[in-house]
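Notes for the one structure printed next.
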Amino acid sequence: MTRLFGMMSHMGTDRSKSTVGAPGPSSEYVGFPVLKRKKGLRVHRVHGSDRKSGAPHSPWFFSSGPGRFNLKAPRGTLNCAEKAECAVREALGKTLMGAAGTLDLPRSAVAGWHLSEMEAPELKLANFTDPKAGIFGVVPGDMAAPKKNYKKTRAWAETIADAGHDGIINVSRFAGPSKCIFMFGEAGQQTRGSVLNTTNLEDYIRSQMRWVVLHDTPHSSSLTIV
Numbered sequence: 114m115t116r117l118f119g120m121m122s123h124m125g126t127d128r129s130k131s132t133v134g135a136p137g138p139s140s141e142y143v144g145f146p147v148l149k150r151k152k153g154l155r156v157h158r159v160h161g162s163d164r165k166s167g168a169p170h171s172p173w174f175f176s177s178g179p180g181r182f183n184l185k186a187p188r189g190t191l192n193c194a195e196k197a198e199c200a201v202r203e204a205l206g207k208t209l210m211g212a213a214g215t216l217d218l219p220r221s222a223v224a225g226w227h228l229s230e231m232e233a234p235e236l237k238l239a240n241f242t243d244p245k246a247g248i249f250g251v252v253p254g255d256m257a258a259p260k261k262n263y264k265k266t267r268a269w270a271e272t273i274a275d276a277g278h279d280g281i282i283n284v285s286r287f288a289g290p291s292k293c294i295f296m297f298g299e300a301g302q303q304t305r306g307s308v309l310n311t312t313n314l315e316d317y318i319r320s321q322m323r324w325v326v327l328h329d330t331p332h333s334s335s336l337t338i339v
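For any residue, its number in our numbering is found by taking its place in the sequence shown, counting from 1, and adding 113.
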């Protein structure tokens, strides 16, 4: 019993730690389980707009800045989602947490943001949600978990890209079990597919996420001190 308890205690300690370590050489991940998506896959992304004109920026922007699976310049990564609400939850993160009923949210939190549906090209994605991904050292929940920095996950992205994959598909941190697609490409704005439609994020939330109540931030002139 003492030995068994010791083993269980050791297992519990290991389970409390992240499994995300440094990846091996890219050649080891050529055979990583993949999910193939034909051209025409519809994906969703929340993106900003021009501050002066208010015109939405193109959603096809591949970032090489800080980000979970962003490649280093001159390459970059586009983070999008299979479902529209997943894209919204990923963009707003903790802002949409902590309400048992309706959630009050100031309009300023979504002002200037848009939600686009895009048609993606043919993709061969490293499937982090595949049961066989564990053989390669990947636990999807740990890969999506919060990090002090993204040094290790970005190293994984570089390795997966060098192995010849077009991107990564993994569970969403804020909208699981929905999935996010991290598409690889050249850094900056690219034309990888068409934009099918774009809507104001505020309009989408009002029509599709009715448990979120958007309101104007009170101005000091409207406050009454009693």
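Even glycine gets a Cβ: it sits at the ideal position worked out from N, Cα and C.
Excluding sequence positions up to five before and after A168, its CB lies within less than 7 Å of the CB of S162, all in the same chain and listed in chain order. Looking at the DSSP output, V159 sits in a beta bridge with L228. Of all C-beta pairs linking the region 254–261 to the region 280–295, three or more are shorter than 8 Å, placing the two stretches in contact.
Around the CB of G280, 16 or more other CB atoms lie within 10 Å, so the residue is classed as buried. Beta-carbon to beta-carbon, W226 and L314 are separated by about 4 Å, close enough to satisfy the 8 Å threshold. Contact check between the region 229–245 and the region 140–153: three or more CB pairs, one atom from each, fall below 8 Å, which counts as touching. Pairing F249 with N283 gives a Cβ-Cβ distance that is not under 8 Å. Residue environment: V143 is assigned as exposed (fewer than 16 neighbouring CB atoms within 10 Å of its CB, all protein chains considered). Counted as a single uninterrupted DSSP element, the stretch harbouring E299 is not any alpha helix (DSSP H) but the beta strand (DSSP E) occupying residues 292–299.
By the CB criterion at 8 Å, A300 and P187 fall inside the cutoff.
In the three-state reduction of the DSSP assignment, A258 falls in the coil class, being assigned neither a helical nor a strand state. DSSP places K237 within a strand segment (E or B) once states are collapsed to three.
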